[in-house]
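Line order of the protein sequences matches chains C and A. Per this note's numbering, the first sequence starts with residue 1, numbered consecutively. Per this note's numbering, the second sequence starts with residue 1001, numbered consecutively. Just so it is clear, CB atoms sit at the ideal spot from N, CA and C, and this is done for glycine as well.
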Amino acid sequence: MSDTKPDALTGEPLSDEEEAFYASLAAEAESDDYGPEAGSTGLALEGDEAAAAARAELDAIIGTDELDAATRRGRPSLSKAGGASPRFQVRLAADQGEALARRAAGEARKPAELLRDGATVYLRLAADDGAGQIVAAALEEYAARLEQEAAQPERRAAAPSARSRAALARSVRSDLAQLIHH
Amino acid sequence: MGTTRWAESADKHGIDRADAVHAMRNARILIEAFGPSRVEGGAPVNLYIGQTIDQTAMLEVLAVVDRAAQSVYIFHVMPLRPSMYARAKAVIQERKDQ
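Written as structure tokens, this is what we have:
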């Protein structure tokens, strides 16, 4: 056995004898009359009880972290280079959560995809490479245009639209201020 | 901590090992000693029935959980057969009645 423990999806190799033994058991298992011997005893669980018992025993032997990593690897990596994708659990205000769910449904995307987009934009803005200033200038221009449109008489006639543009402009300016002073 | 031991027979049906592990840890049915150990004094075979990671299929997984050796031998993984499901349900009922 090597010093480094193999990951749970590779495991320790079997000897030729073990391979032959389990090949025979597997062939037996595929027959339609495979099942317990008469009088056999042991746990026979369903539902959450089954999952809890299985998880407790497997995790105790192999390790929770190893098994978590093994099942995470089943999903495609989000990184171009592959590998594990870090996970973050995020708490949101109720109205923010509802808005996110609404927006995601409207775009036929998953809320997690929108959050990833948000992280991408924020990290780009916050990067100290000038890109943030370019985006901030674009946002400033956008906010100014919204305010200008909201102030136009014909826009004011369409009250809901004008009010929403003014609110959006305030919201953009507020977000901008936070970004600049961060 | 122990290790997994994957027999070649576990890969026969082309099921991703990650899906097998997921099905075991999130088993909707767990039956210990579903099959005999075939080794005097050895650990018996456990049956796990659970879903794949993407929850699109149910799997049947057979493994020998050797607590003494801290090893889990996984030797049978395939899409759940109706006949296996029926046998599992019958065993659950039988053991409840014992």
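A residue is called buried once 16 or more other Cβ atoms fall within 10 Å of its Cβ, and Phe88 of chain C, having fewer, is exposed. Contact annotation: the region 10-22 of chain C does not touch the region 1022-1030 of chain A, with fewer than three C-beta pairs closer than 8 Å. Counting only the Cα atoms, Val1064 of chain A lies some 6 Å from Asn1046 of chain A.
Judged by DSSP secondary structure, Gln1093 of chain A falls within the alpha helix (DSSP H) whose first and last residues are Pro1082 to Asp1097. In this structure, DSSP gives Gly47 of chain C a helical state, which the three-state scheme calls helix. Distance from the CA atom of Asp16 of chain C to the CA atom of Glu1008 of chain A, rounded to whole angstroms, is 10 Å.
The straight-line gap separating the alpha-carbon atoms of Ile1049 of chain A and Gly1014 of chain A is approximately 17 Å. In the structure shown, Ile62 of chain C adopts helical secondary structure according to DSSP, grouped into three states. A distance below 8 Å separates the beta carbons of Pro111 of chain C and Ala101 of chain C. Residue range Asp16 to Ala29 is occupied by the alpha helix (DSSP H) that includes Tyr22 of chain C, with no beta strand (DSSP E) assigned at that position. Bounds of the alpha helix (DSSP H) holding Thr120 of chain C are Pro111 to Ala126. Using a CB distance below 9 Å, the part of the region 8-28 of chain C facing chain A consists of Ala8, Leu9, Thr10, Gly11, Glu12, Pro13, Leu14, Glu18, Glu19, Phe21, Tyr22, Ala23, Ser24, Leu25, Ala26, Ala27 and Glu28, ordered along the chain. The beta carbon of Gly1042 of chain A sits no closer than 8 Å to any beta carbon of chain C. Spanning the alpha carbons of Tyr1073 of chain A and Leu67 of chain C requires a straight line of approximately 15 Å.
In this chain, the beta strand (DSSP E) harbouring Leu1059 of chain A covers Met1058 to Asp1066.
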